[in-house]
Amino acid sequence: EGANKGVAMLQQTLKDCHEQVVFGLATGGTPQTLYRLLSASQLDFSRCIAINLDEYVGLDQENPQSYAYYMNRHLFSKKPFQQTFIPNGMNRNATVETQRYDQILDRYPIDLQILGLGQNGHIGFNEPGTPFESTTHEVQLTESTIAANARFFAQSTDVPRSAYSMGIKSIMAAKQIIIMAYGKAKAAAVKKLVLGPVTTAVPASILQQHPNVTLIVDEAAADQIKKEKVEN
Ligand code: F6R
């Protein structure tokens, strides 16, 4: 149901923009349903640019755990885009790679950014403490993020220790944002995102200051932001 709303919003963005449309895209478990629905839809992305949030350092696009592989598998192999961008995890020169990515972001301002939400409130791989002014950078992943992502790897020691991620400033520059969160493991982060103070301790809290954000949650993720049930 939430993913259907996401599809409708992407469709609207395609309708509203008459020229090239730029989508900011996320990976992980959360957007998989959205990508499945988009893949099965009639929507045409051939005049669209996709810019992904992040990539693990050290994984190439042939590696099934890389986000490049994920995007090809879940979306791009079924829905061709005009052009797609993702940080190059094989470029060990972080300065060169992050500057290259920032130039791409400058050149293609994002119309609609899709985000998932980390259990610790991260967006992209911007972990707690990341400055709100950050642009693309190399991130040392926290133990909690490594543990959360270990399910996609044979063992947790296989999870890369760092990633390249778009910064919070770049995410906030998107004209419109959809953030999705499903399951009870996200409930505390959703509460802080919606009701908590705006603080770098909860990167997603900055979204309170963005003019056009849609939050899509299921019942379990919304558990801590629901009004008390009224007894009849
Ligand atoms: C993925 C990303 C991350 C995830 C977040 C939630 O590109 O940037 O911020 O969106 O870690 O991950 P899932 O959806 O797997 O719970």
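Those letters in the sequence shown? Residues 1 to 232, by this note's numbering. Glycine included, each C-beta is placed from N, C-alpha and C at the ideal position.
Measuring straight from C-alpha to C-alpha, what distance separates residue i and residue j?
{"i": "F125", "j": "L193", "result": "16 Å"}
{"i": "M172", "j": "T130", "result": "14 Å"}
{"i": "L62", "j": "Y69", "result": "The question names Leu, but residue 62 in the sequence shown is Glu. Distance between the alpha carbons of E62 and Y69: 6 Å."}
{"i": "A201", "j": "G183", "result": "22 Å"}
{"i": "F152", "j": "C17", "result": "36 Å"}
{"i": "D106", "j": "Q12", "result": "24 Å"}
{"i": "Q224", "j": "V217", "result": "11 Å"}
{"i": "V139", "j": "N93", "result": "13 Å"}
{"i": "K169", "j": "H210", "result": "11 Å"}
{"i": "K227", "j": "D60", "result": "46 Å"}
{"i": "S162", "j": "A26", "result": "17 Å"}
{"i": "L215", "j": "A189", "result": "12 Å"}
{"i": "A150", "j": "A181", "result": "19 Å"}
{"i": "L115", "j": "D158", "result": "24 Å"}
What are the start and end residues of the alpha helix (DSSP H) that includes residue i?
{"i": "A188", "result": "A187 to L195"}
{"i": "L34", "result": "Q32 to A40"}
{"i": "I168", "result": "I168 to M172"}
For residue i, collect the residues of the same chain with a Cβ closer than 6 Å to its Cβ; drop the 5 residues on either side in sequence, then sort them by chain order.
{"i": "A204", "result": "L117, G121, I123 and L193"}
{"i": "G24", "result": "I51, I110, Q113 and A174"}
{"i": "E55", "result": "Y67, I86, P87, G89 and Y164"}
{"i": "A220", "result": "G183 and K184"}
Mind checking which residues open and close the beta strand (DSSP E) that includes residue i?
{"i": "S162", "result": "S162 to S165"}
{"i": "L10", "result": "Taken as a continuous stretch (DSSP letters only), L10 belongs to no beta strand (DSSP E), being part of the alpha helix (DSSP H) at G2 to D16."}
{"i": "M90", "result": "Looking at the DSSP string, M90 is not in any beta strand (DSSP E), and its letter there is neither H nor E."}
{"i": "I123", "result": "From DSSP, I123 is part of no beta strand (DSSP E); its letter is neither H nor E."}
{"i": "V57", "result": "Here V57 belongs to no beta strand (DSSP E), and DSSP marks it neither H nor E."}
{"i": "G116", "result": "L112 to G116"}
{"i": "A50", "result": "C48 to N52"}
{"i": "I178", "result": "Q176 to A181"}
Which same chain residues end up closer than 7 Å to residue i when comparing Cβ atoms and leaving out the 5 residues on each side of it in sequence?
{"i": "G58", "result": "G89 and P160"}
{"i": "Q208", "result": "V198"}
{"i": "N4", "result": "L37"}
{"i": "V7", "result": "L34, L37, L38 and S41"}
With DSSP collapsed to three states, give me the class of residue i.
{"i": "A106", "result": "One point to set straight first is that residue 106 is Asp, not Ala, in the sequence displayed. In the structure shown, D106 sits in a helix (DSSP, three-state: H, G or I)."}
{"i": "L25", "result": "strand"}
{"i": "N149", "result": "helix"}
{"i": "V202", "result": "coil"}
{"i": "A68", "result": "helix"}
{"i": "H74", "result": "helix"}
{"i": "T98", "result": "helix"}
{"i": "E138", "result": "strand"}
{"i": "T84", "result": "strand"}
{"i": "L215", "result": "strand"}
{"i": "Q209", "result": "helix"}
For residue i, collect the residues of the same chain with a Cβ closer than 8 Å to its Cβ; drop the 5 residues on either side in sequence, then sort them by chain order.
{"i": "A147", "result": "S156"}
{"i": "S39", "result": "H74, L75, K78 and K79"}
{"i": "Q32", "result": "H74"}
{"i": "Q82", "result": "Q20, F45, S46, R47, C48 and I49"}
{"i": "Y101", "result": "F85, P87, T136, Y164 and M166"}
{"i": "G196", "result": "V202 and S205"}
With a threshold of 7 Å between beta carbons, is residue i in contact with chain B?
{"i": "R151", "result": "Absence of chain B from the displayed structure is noted, only one protein chain being present."}
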